[in-house]
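Just below is one structure, and these are the notes that go with it.
There are 2 protein chains.
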Amino acid sequence: MSNRLEGKVLVAQGGGPTPVINQSVVGVALEARKFSQVTSIYGALHGVRGIIDENFIDLTRETTHNLEQVAGTPSSGLLSTRDKPDEEYCQRMFKVMQAHDIRYFFYVGGNDSSDTVRIVNEQAKAANYELRAIHIPKTIDNDLEENDHCPGFGSAARFVAQAFTGVNLDNRALKGVYIGVVMGRHAGFLTAASALAQKYVDDGPHLIYMPERHFIIENFLADVDRVYQQHGLCTIAVSEGISDPDGTPMIVKLLGKEERDSHGNVQLSGTGALGDLLSNSIRDGLGIKRVRSDTFGYLQRSFMGIQSDRDAREAREAGEKAVQFAMWDNCDGSVAIKRPVLDYSVDYQLVPIENVAGKTRHMPDNFINAEGNGVTQDFLSYCRPLLGSNLPEPHRLRAPMVPKILHK
Amino acid sequence: MSNRLEGKVLVAQGGGPTPVINQSVVGVALEARKFSQVTSIYGALHGVRGIIDENFIDLTRETTHNLEQVAGTPSSGLLSTRDKPDEEYCQRMFKVMQAHDIRYFFYVGGNDSSDTVRIVNEQAKAANYELRAIHIPKTIDNDLEENDHCPGFGSAARFVAQAFTGVNLDNRALKGVYIGVVMGRHAGFLTAASALAQKYVDDGPHLIYMPERHFIIENFLADVDRVYQQHGLCTIAVSEGISDPDGTPMIVKLLGKEERDSHGNVQLSGTGALGDLLSNSIRDGLGIKRVRSDTFGYLQRSFMGIQSDRDAREAREAGEKAVQFAMWDNCDGSVAIKRPVLDYSVDYQLVPIENVAGKTRHMPDNFINAEGNGVTQDFLSYCRPLLGSNLPEPHRLRAPMVPKILHK
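Those sequence lines, one after another, are chains A and B.
When we follow the UniProt record's numbering, the leftmost residue of the first sequence carries the number 1, and every step to the right adds one.
When we follow the UniProt record's numbering, the leftmost residue of the second sequence carries the number 1, and every step to the right adds one.
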């Protein structure tokens, strides 16, 4: 028998958008309609900020067709926030929730958002307000504890792999050193996904630097020099979050200043500075002339038209399962994706929110090579299914060389 | 009756890659096989450099299937070069061409490459060497004279439109100022294509700056301030080639130094510096905190998996037509795409190479708005068909707001 707690469902999105985050909201909205104790389904605009401001839209007055259309649209259809509620903020949220008889709260987000769910849940208990609060995972960084992988990662990884496939072709056509700077503050998963661009044996990225290993500029230059000597070119993937051995992010080291968001995180994205610094190091240190860098930036998380079909389905299911856990099992927590076997199935479990909230999962050691400048076969096996089906593939001419006449 | 000049065909690619440049090479290779006077079809590796070095592959020993696969792959399958031949360079090219009995030369490229074809052709005539030399247009910049539009532009424009569609969604979710820096040295077509991302009335880009108009930082800040006041956010597209009123590229002004390629062009791509400069101007000048910039960089021209189907077909046809002009009409020149009526058909003509070589086409005045910070309906009508079919489209929730209880 399902939970008979009657009242409204509230769903919201927090933190950085992903290409499939709307799938989870739509999963909640469509699944919740199946339970008679749900009187209405509200969506808060701009996350917890929309709860404080009482900015709700009534998703029970949305058509199924339009919900499906929005599910296929990247970024946060309910809009997002970087607000991090404290005790006072939560008390204001409760007042609004009580006034609207909200009894089920689903928050789709990453580490910071899961911490928000944890605080809200504690506050609800302290205030004796009966509330089911469930966190639904999303993050392109793939850095949530308890999860084999997170909704949003597969699609962003697909973008990165397609980008580096093109970069490989471009850097082969006009040879040089190319640096692609990929999102990832503390976890290198997304940067590592660039390795899925490797089809031919000499394809890049030849070097991959993740925040899990210290970044030492001398080693970096030696690596680039070696690859460049061997191939006459070098393609590099770098996490925006790489740090030097004392833990200072390279970008802070470069800029000499930092900008922080309200969660106290240093701003890494939305600037090309890190790529430019590394390019200059190569030009100055190795005397290579053609050095280029791109910072993939926001395209990675919101590009229109690139969704991993598997990622989209799992994001939907995570939303559906959150509702089912709340309704059938009457419990709180965080939905987590488990992978019972490597090749390939998933299972959704509800785990204690404390296991996820505010914590960061890193690349396990068996995913990173010994030199700290690339990934392992284990990582490739782990990551490949997440990118979804019909990944576009490059092709090379394989016509034979013509015998030389003049330059024999 | 077709031209009976017997000998080999040589095809090569020069300059920056495009997503469909291989379509033109494959068009040449497959069409040339239909003419019995063609003894073999060679591809030069790395453009004119491959001719000097006698690095040819024999495309008559390629399978049709693999040619079709390569046609669907972005970037230059025959690899490319930035070399710009002078008289002595051309004489070395002739020696090689004569030794291999090459009588048909097809060079796929932009302004600089068309100038190469012009020089080669003049040299051939001066040396009394019978040679058909035809330039096949390609450029994502869309800046070739005589052409309504150029193969490569439609696919790059599609990438830019899809990118800005995502950017619109992202910048709506977490409001701020966003600057996307788009390729385009002297011509603003590709930057202008960002306007195709506008679906909803308040969608960005709200401001578009093209190299055809002087960039005046005070006007820019006033524009941003006005949009930000109105929408609480501002999405901006900027050409990498924008210059101040005295003609100095903004990036040179910023960096205080310049890097040039062998054609004497200032290096604009492969650095995030321009976006960072403009971001800082907004932060300092307007006091807006959340300002982000991305430089789309090489992804625009080589991203794996985004081709405009129309662009791909036209690039193929341009290659086929080049062969047909050489064989049936026995003449030299540059293939140009004409558009007899606005909506939508194309015609291929062979125009004198001098009309194209080394020249740059700019956005016509009727494509740019009076304020110089956006595009007109004429441009939208011109550009839309080039992006191809099934352009992915964003969708918004349209559920009604819930009446407020506490904040009435």
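Using N, Cα and C, we set each Cβ at its ideal position, and we do this for glycine too.
Just so it is clear, the structure is predicted and the values come from calculations on it, not from any experiment.
Subject >> Span separating the alpha-carbon of glycine 50/B from that of aspartate 332/B >> reply: Approximately 22 Å between the Cα atoms of the pair.
Original post:
So what does DSSP say about isoleucine 140/A, is it helix, strand or coil?
Top reply: Isoleucine 140/A: coil per DSSP, three-state reduction.
**OP:** Sort Gly184/B, Asp202/B, Gln123/B, Asn142/B by Cα distance to threonine 165/B and report the nearest one.
**Re:** Nearest to threonine 165/B by C-alpha distance, out of Gly184/B, Asp202/B, Gln123/B, Asn142/B, is Asp202/B.
Subject >> Per-residue DSSP class, three states only, for glycine 388/B >> reply: Secondary structure of glycine 388/B (DSSP, three-state): coil.
**OP:** Let me know the secondary structure DSSP gives glutamine 324/B once reduced to three states.
**Re:** For glutamine 324/B, the three-state secondary structure derived from DSSP is helix.
Subject >> Cα-Cα separation, methionine 210/B to alanine 193/B >> reply: Their Cα atoms are separated by approximately 11 Å.
**OP:** Keeping to the same chain, check which residues put their C-beta closer than 8 Å to that of asparagine 339/B; ignore five residues upstream and five downstream.
**Re:** Asparagine is not the amino acid found at residue 339/B; the sequence shown has arginine there. So the list reads Asp148, His149, Ser345, Val346, Asp347, once near-sequence residues are dropped.
Original post:
Are the Cβ atoms of alanine 44/A and alanine 12/A separated by less than 8 Å?
Top reply: The answer is yes: Cβ separation under 8 Å.
**OP:** Taking only beta-carbon positions, decide if isoleucine 288/B is within less than 8 Å of chain A.
**Re:** By the rule that beta-carbons nearer than 8 Å mark a contact, isoleucine 288/B does not touch chain A.
**OP:** With a threshold of 16 other CB atoms inside 10 Å of the CB of glutamate 317/A, please say whether the residue is buried or exposed.
**Re:** Counting the other CB atoms within 10 Å of its CB gives glutamate 317/A a total of 16 or more, which places it among the buried residues.
Original post:
Mind pulling the chain B residues with CB within less than 9 Å of glutamate 228/A?
Top reply: The sequence given here places tyrosine at residue 228/A; glutamate does not occur at that position. Correct list: empty, because the minimum Cβ distance to chain B is about 16 Å.
Subject >> isoleucine 140/B to asparagine 168/B span [Cα, whole Å] >> reply: Approximately 23 Å between the Cα atoms of the pair.
Original post:
Beta-carbon of methionine 304/B versus every beta-carbon of chain A: anything under 8 Å?
Top reply: By this cut-off, methionine 304/B is an interface position.
Original post:
In the DSSP assignment, what are the bridge partners of residue 411/B?
Top reply: The question about residue 411/B has no answer here: the residues shown for chain B are numbered 1 through 408.
Original post:
Taking the continuous alpha helix (DSSP H) assigned at leucine 277/B, which residues delimit it?
Top reply: Taken as a continuous stretch (DSSP letters only), the alpha helix (DSSP H) holding leucine 277/B covers 273-286.
**OP:** Name, please, each residue of chain B whose Cβ falls closer than 7 Å to the Cβ of lysine 404/A.
**Re:** Within 7 Å Cβ-Cβ: Glu54.
**OP:** Report the option in Tyr107/A, Arg158/A, Phe56/A whose CA atom is closest to the CA atom of isoleucine 353/A.
**Re:** Looking from the CA of isoleucine 353/A, the closest CA among Tyr107/A, Arg158/A, Phe56/A belongs to Tyr107/A.
**OP:** Determine whether the Cβ of threonine 116/A lies closer than 8 Å to any Cβ atom of chain B.
**Re:** Among the residues facing chain B, threonine 116/A is not included, as its CB has no counterpart in that chain under 8 Å away.
**OP:** Check each residue of the region 162-174 of chain B: if its Cβ is closer than 7 Å to any Cβ of chain A, include it; give the result in chain order.
**Re:** From the region 162-174 of chain B, only Gln162, Ala163, Thr165, Gly166, Val167, Leu169, Asp170, Arg172, Ala173, Leu174 have a Cβ closer than 7 Å to chain A.
Original post:
Using a C-beta cutoff of 8 Å, does arginine 49/B count as contacting chain A?
Top reply: Contact with chain A is absent for arginine 49/B, since none of that chain's Cβ atoms lies less than 8 Å from the residue's Cβ.
Subject >> phenylalanine 106/A, DSSP secondary structure in three states >> reply: Strand, per DSSP.
**OP:** Flag serine 281/A as yes if its beta-carbon sits less than 8 Å from any beta-carbon of chain B, otherwise no.
**Re:** The beta-carbon of serine 281/A is placed no less than 8 Å from the nearest beta-carbon of chain B.
Original post:
Contact between the region 4-11 of chain A and the region 291-300 of chain A: three or more CB pairs below 8 Å?
Top reply: Contact fails between the region 4-11 of chain A and the region 291-300 of chain A, because fewer than three Cβ pairs, one in each stretch, are under 8 Å apart.
Original post:
Are three or more beta carbon pairs between the region 387-402 of chain A and the region 275-295 of chain B nearer than 8 Å?
Top reply: They do not touch, by the three-pair rule.
Original post:
Name the chain A residues that come within less than 7 Å of glutamine 69/B, Cβ to Cβ?
Top reply: Within chain A, the residues near glutamine 69/B are His395.
Original post:
For the region 183-202 of chain B, which residues have a beta carbon sitting closer than 9 Å to at least one beta carbon of chain A?
Top reply: Residues passing the 9 Å Cβ filter: Ala197.
Subject >> DSSP beta-bridge partners of glycine 180/B >> reply: DSSP output for glycine 180/B lists Ala237/B, Asp294/B as bridge partner(s).
**OP:** Return no unless some Cβ of chain B is closer than 8 Å to the Cβ of proline 137/A.
**Re:** Under the Cβ criterion of 8 Å, proline 137/A is not counted among the residues facing chain B.
Original post:
Quick one: does glutamate 62/B have its CB under 8 Å from some CB of chain A?
Top reply: So yes, glutamate 62/B belongs to the interface.
**OP:** Decide if the region 365-373 of chain A is in contact with the region 172-181 of chain A; the criterion is three or more beta carbon pairs, one per stretch, under 8 Å apart.
**Re:** Put simply, the region 365-373 of chain A does not touch the region 172-181 of chain A. Fewer than three CB pairs are less than 8 Å apart.
Original post:
Within 10 angstroms of its Cβ, does arginine 213/A collect 16 or more other Cβ (buried), or is it exposed?
Top reply: With 16 or more other Cβ atoms inside 10 Å of its own Cβ, arginine 213/A counts as buried.
Original post:
Quick one, are the C-beta atoms of methionine 183/A and glutamate 240/A less than 8 Å apart?
Top reply: Yes, they are a contact pair.
Original post:
Are the region 308-317 of chain B and the region 18-34 of chain B in contact at 8 Å, needing three or more beta carbon pairs?
Top reply: The region 308-317 of chain B, when compared against the region 18-34 of chain B, does touch it at the 8 Å Cβ threshold.
Original post:
What does leucine 78/A reach in chain B if we use C-beta pairs closer than 8 Å?
Top reply: Listed along the chain, the chain B residues whose CB falls inside 8 Å of the CB of leucine 78/A are Leu397.
Original post:
If you measure from the beta carbon of leucine 59/A to each beta carbon in chain B, is any gap under 8 Å?
Top reply: At least one CB atom of chain B sits nearer than 8 Å to the CB of leucine 59/A.
Original post:
Are the beta-carbon atoms of glycine 358/B and aspartate 86/B separated by less than 8 Å?
Top reply: No, the Cβ-Cβ distance between glycine 358/B and aspartate 86/B is not below 8 Å.
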